[in-house]
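Here the structure comes first, spelled out in structure tokens, and everything after it is commentary.
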Amino acid sequence: MPHSLEEKKRVVTRLRRIKGQAEALERAVEAGSECAPILQQLAAMRGAVHGLMADLLDGHVREVLSQQPAPSQQAVDETLALLRSYLK
229 MPHSLEEKKR VVTRLRRIKG QAEALERAVE AGSECAPILQ QLAAMRGAVH
279 GLMADLLDGH VREVLSQQPA PSQQAVDETL ALLRSYLK
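Just so we're aligned: 278 in the numbering used here is position 50 of the sequence shown, and the numbers increase by one with no gaps anywhere.
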């Protein structure tokens, strides 16, 4: 999870962008737009979500691995579960 105020602002900005993409996608579907542009928007939204997930996961793994003297088994297990869900 982002800890600094600057990191939190970046994450919230990215989430708002994703929300805007989802709202635009909803409007396109309601308007009966062609499939190709809808699929392109959906792919862009998926890319944005995956990018955000990767960045947050990166920070989480770095935080867990930097625990002193060593990360707990529970922290390792939770991180591995996150990785598994991300890779599905």
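All C-beta atoms in this analysis are idealised placements derived from N, C-alpha and C, irrespective of residue type, glycine included. Note that the structure is predicted; figures quoted are calculated from it, not measured.
> What whole-angstrom Cβ distance do A276 and Q249 have, given they're in contact under 8 Å?
Replying inline: Contact between A276 and Q249 holds, since their C-beta atoms are separated by about 6 Å, short of 8 Å.
> Which value, in whole angstroms, describes the spacing of the CA atoms of V239 and H288?
Replying inline: Within the model, the alpha-carbon separation for V239 versus H288 is close to 14 Å.
>> Can you tell me where the alpha helix (DSSP H) holding S313 begins and where it ends?
In response: Where S313 is concerned, the enclosing alpha helix (DSSP H) stretches over Q301 to L315.
>> With a threshold of 8 Å on Cβ separation, who are the neighbours of R245 within its own chain once the five nearest residues in sequence on each side are excluded?
In response: Hits under 8 Å: A276.
>> Is the beta carbon of L310 closer than 8 Å to that of L285?
In response: Yes. Within cutoff.
>> Considering Cα atoms alone, identify which of E235, L308, E251 and E306 is closest to L270.
In response: Of the listed residues, the one whose Cα sits closest to L270 is E251.
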